[in-house]
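Asks: Chains C and H supply the protein sequences, listed in that same order.
If you read the first sequence in our numbering, its first letter stands for residue 1, the second for the next number, and so on.
If you read the second sequence in our numbering, its first letter stands for residue 1, the second for the next number, and so on.
Where a beta carbon is used, it is the ideal one built from N, C-alpha and C, also for glycine.
Computed from a predicted model, the values in this text were never measured in an experiment.
2 protein chains.
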Amino acid sequence: MKKKSKSGKSKKAASKQFALKRTTAKSKKVADLKYIPWLLQRQLIVGHEIMLARVLLKKGCIVPLHSHINEQLSYILEGALKFFIDGKEIVVRSGQVLTIPPNMPHKAEALEDTVDLDIFHPPRADWLNRTDTYLKGK
Amino acid sequence: MKKKSKSGKSKKAASKQFALKRTTAKSKKVADLKYIPWLLQRQLIVGHEIMLARVLLKKGCIVPLHSHINEQLSYILEGALKFFIDGKEIVVRSGQVLTIPPNMPHKAEALEDTVDLDIFHPPRADWLNRTDTYLKGK
Numbered sequence: 001m002k003k004k005s006k007s008g009k010s011k012k013a014a015s016k017q018f019a020l021k022r023t024t025a026k027s028k029k030v031a032d033l034k035y036i037p038w039l040l041q042r043q044l045i046v047g048h049e050i051m052l053a054r055v056l057l058k059k060g061c062i063v064p065l066h067s068h069i070n071e072q073l074s075y076i077l078e079g080a081l082k083f084f085i086d087g088k089e090i091v092v093r094s095g096q097v098l099t100i101p102p103n104m105p106h107k108a109e110a111l112e113d114t115v116d117l118d119i120f121h122p123p124r125a126d127w128l129n130r131t132d133t134y135l136k137g138k
Numbered sequence: 001m002k003k004k005s006k007s008g009k010s011k012k013a014a015s016k017q018f019a020l021k022r023t024t025a026k027s028k029k030v031a032d033l034k035y036i037p038w039l040l041q042r043q044l045i046v047g048h049e050i051m052l053a054r055v056l057l058k059k060g061c062i063v064p065l066h067s068h069i070n071e072q073l074s075y076i077l078e079g080a081l082k083f084f085i086d087g088k089e090i091v092v093r094s095g096q097v098l099t100i101p102p103n104m105p106h107k108a109e110a111l112e113d114t115v116d117l118d119i120f121h122p123p124r125a126d127w128l129n130r131t132d133t134y135l136k137g138k
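1) Pick out whichever of C:121, C:48 and C:84 has its Cα sitting closest to the Cα of residue 68 (chain C).
2) Return the bridge partner residues of residue 91 (chain H) from the DSSP annotation.
3) For residue 75 (chain H), which residues does DSSP report across the bridge?
4) Would you check if the distance between the CB atom of residue 93 (chain H) and the CB atom of residue 80 (chain H) is smaller than 8 angstroms?
5) With 7 angstroms as the limit, tell me which residues of the region 39-72 of chain H have their beta carbon closer than that to any beta carbon of chain C; keep them in chain order.
6) So is residue 134 (chain C) buried or exposed if we call it buried at 16+ other beta carbons inside 10 Å?
7) Run down chain H in chain order and give the residues with a C-beta less than 7 angstroms from the C-beta of residue 121 (chain C).
8) For residue 1 (chain C), which residues in the same chain have their Cβ closer than 8 angstroms to its Cβ, ignoring the five residues on either side in sequence?
9) If you check the beta carbons only, do residue 25 (chain H) and residue 42 (chain H) fall under 8 angstroms apart?
10) Can you tell me which residues form a DSSP beta bridge with residue 48 (chain H)?
11) Please report the distance separating the alpha-carbon of residue 118 (chain C) from that of residue 111 (chain C).
12) Tell me, please, which residues DSSP counts as bridged to residue 107 (chain H).
13) Does DSSP put residue 2 (chain H) in a helix, in a strand, or in coil?
14) DSSP has residue 56 (chain C) in a bridge; who is on the other side?
15) What is the DSSP secondary structure of residue 27 (chain H), reduced to helix, strand or coil?
16) Check distances from the C-beta atoms of the region 91-112 of chain C to those of chain H and list, in chain order, the residues that come in under 8 angstroms.
17) Comparing the C-beta of residue 117 (chain H) with each C-beta of chain C, is any distance below 8 angstroms?
18) Note down the Cα distance separating residue 50 (chain H) from residue 17 (chain H), rounded to an integer number of angstroms.
Listed below in structure tokens is the structure:
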């Protein structure tokens with residue numbers, strides 16, 4: 001006799017109950033050789049006019065030069081980011097803030113493992129619709 | 001002979017150089033008896049469309065029920081705030097976020113000594129023009 005769980009279902013039936021279907025995408029693309037160091041992770045909260053991102057950057061991570069129409073405030077929770085902005089190099093450390101006006105080009109380098117809160121107005125459409133190619137492979 | 005500093009100025013002259021004038025306000029108001037527990041401190045950064053406030057609330061500090069047209073995100077850096085909002089009690093702890101829609105009445109109580117980052121859009125005019133009477137005496 002088959003061993004049954006408390007609910008009366010067999011283990012096999014119970015496991016089937018939670019088995020997701022169609023979890024593989026149909027694709028004819030050939031697998032590429034890639035090296036992805038995973039130096040950057042993001043968590044997002046999207047409000048109506050504000051977006052809050054908690055960004056983890058491993059030491060050495062470089063966010064390439066870019067600009068956006070969105071106003072940005074960066075609050076460093078842990079670690080240190082060196083910004084290249086407005087012809088200057090500014091190191092922003094734990095508890096410090098950088099305000100970045102709309103359309104001002106900036107680049108950043110993590111001098112240490114860093115946790116950064118980025119606040120944007122309006123929310124970053126490129127982050128939401130995945131057209132933020134400058135961050136690809138980070 | 002008077003003792004001179006390296007710059008050649010006397011100590012008295014040097015101290016006068018940095019003496020601020022008109023540091024007392026002319027007022028005929030009578031001094032009141034007041035008890036101010038200083039349970040709340042704020043630091044503000046005012047951007048164009050975003051305001052960032054770092055708020056320190058001592059344990060027991062209560063921010064009375066209020067509402068504002070400004071969208072708000074609260075990120076708790078340290079401690080814990082209990083919010084009374086939308087008919088619910090929500091305890092927000094270190095590393096957690098509450099998003100408060102415009103015009104939604106809310107009250108908060110610091111369950112511990114707390115450091116809170118509040119983000120507003122647009123900037124809080126009542127905080128800037130000092131009409132935020134609901135926080136007076138905190």
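Replies: Once the coordinates are examined:
1) If you number the first sequence from 1, residue 68 (chain C) lands on position 68. Comparing Cα positions, the closest option is C:121.
2) Against the second sequence, residue 91 (chain H) aligns to sequence position 91. DSSP output for residue 91 (chain H) lists H:82 as bridge partner(s).
3) Your numbering for residue 75 (chain H) matches position 75 in the second sequence. Looking at the DSSP assignment, residue 75 (chain H) forms a beta bridge with H:97 and H:117.
4) For the purposes of this step, residue 93 (chain H) is taken as the residue at position 93 of the second sequence. For the purposes of this step, residue 80 (chain H) is taken as the residue at position 80 of the second sequence. Contact flag set, yes.
5) 45, 47, 48, 49, 50, 52 and 71
6) Start at 1 with the first residue of the first sequence, and residue 134 (chain C) comes out as number 134. Its Cβ having fewer than 16 others within 10 Å, residue 134 (chain C) is exposed.
7) As a first step, residue 121 (chain C) is located in the first sequence; it is residue number 121 there, counting from the start. Ordered by position in chain H, the residues that pass the 7 angstroms Cβ test against residue 121 (chain C) are 49, 50 and 121.
8) As a working mapping, residue 1 (chain C) is identified with position 1 in the first sequence. Low per-residue confidence applies at residue 1 (chain C): pLDDT is 46, beneath 50, and the placement is therefore not dependable, though the value from the model is reported in the following sentence. Closer than 8 angstroms at Cβ, skipping near neighbours: no residue.
9) On the second sequence, position 25 is the one that residue 25 (chain H) refers to. On the second sequence, position 42 is the one that residue 42 (chain H) refers to. Cβ distance not < 8 angstroms, so residue 25 (chain H) and residue 42 (chain H) don't count as in contact.
10) Counted from its first residue, the second sequence places residue 48 (chain H) at position 48. In DSSP, residue 48 (chain H) forms no bridge with anything.
11) Position 118 of the first sequence, counted from the first residue, corresponds to residue 118 (chain C). Position 111 of the first sequence, counted from the first residue, corresponds to residue 111 (chain C). About 17 angstroms.
12) On the second sequence, residue 107 (chain H) is found 107 positions in, with the first residue counted as 1. Residue 107 (chain H) is bridged to H:84.
13) Your numbering for residue 2 (chain H) matches position 2 in the second sequence. Here residue 2 (chain H) scores only 48 on pLDDT, less than 50, and its place in the model is too uncertain to base an answer on.
14) On the first sequence, position 56 is the one that residue 56 (chain C) refers to. Residue 56 (chain C) is bridged to C:41 and C:115.
15) For the purposes of this step, residue 27 (chain H) is taken as the residue at position 27 of the second sequence. DSSP places residue 27 (chain H) in coil when its eight states are reduced to three.
16) 97, 99, 101 and 102
17) Locating residue 117 (chain H) in the second sequence gives position 117, where the first residue counts as 1. So yes, residue 117 (chain H) belongs to the interface.
18) Within the second sequence, numbered from 1, the residue matching residue 50 (chain H) stands at position 50. Within the second sequence, numbered from 1, the residue matching residue 17 (chain H) stands at position 17. For residue 50 (chain H) and residue 17 (chain H), the distance between alpha carbons rounds to 39 angstroms.
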